[in-house]
Each structure stands twice: as structure tokens, then as C-alpha cells.
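Colleague: Numbering (this note's numbering), first residue to last: 3 to 75.
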């Protein structure tokens, strides 16, 4: 099989060299749109949140939560 260049080598015809300006523009575009990792610094919180599961059934000790029909409440 003869390729389009007539050299007799089978395969895909070689592509022309890319213009350096086009290569630079594509590289700059990829650099601009590629996602970058964001570094965030966690702030140290010294304030204790007000809501701490107060009044919930699971906030009492296990022996107090047990259902005892013979115990007076």
C-alpha cells in the first residue's frame, strides 16, 4: 500500500508542524481554564455551640433510660 506522499510506507500521512503561536495560545488557554486546588485554613473556634443535644433521650445515662414498669417516676 502506498501512502499519499508516495514513499511506499503504509500508515497515516504525517501532519504539518503546528504554528508556535497556536501552540502558545492553546497552552495559555488550558492553563487558564484548568481547575486549581484551593487551600483553605480552618479557623480555630473557641466558642462552644449552644445546642448540645440537651433534653434528648440519648443524653441521659443508660441506666436512667431503661424502662422499668415497677419503678415509680
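Virtual Cβ for every residue (Gly too), placed ideally from N, Cα, C. Just so we're clear, the structure is a prediction, and the values are computed from it rather than from any experiment.
(1) By how many angstroms is the C-alpha of residue 15 removed from the C-alpha of residue 33?
(2) Compute the Euclidean distance between the alpha carbons of residue 39 and residue 28, then round it to the nearest angstrom.
(3) Fully enclosed by the stretch 20 to 46, which beta strand (DSSP E) runs are 3 residues long or longer?
Modeller: Judging by the given coordinates:
(1) The straight-line gap from Cα to Cα measures roughly 30 Å.
(2) For the pair residue 39 and residue 28, the Cα-to-Cα distance works out to about 21 Å.
(3) Entirely contained in the stretch 20 to 46, not one beta strand (DSSP E) run reaches 3 residues.
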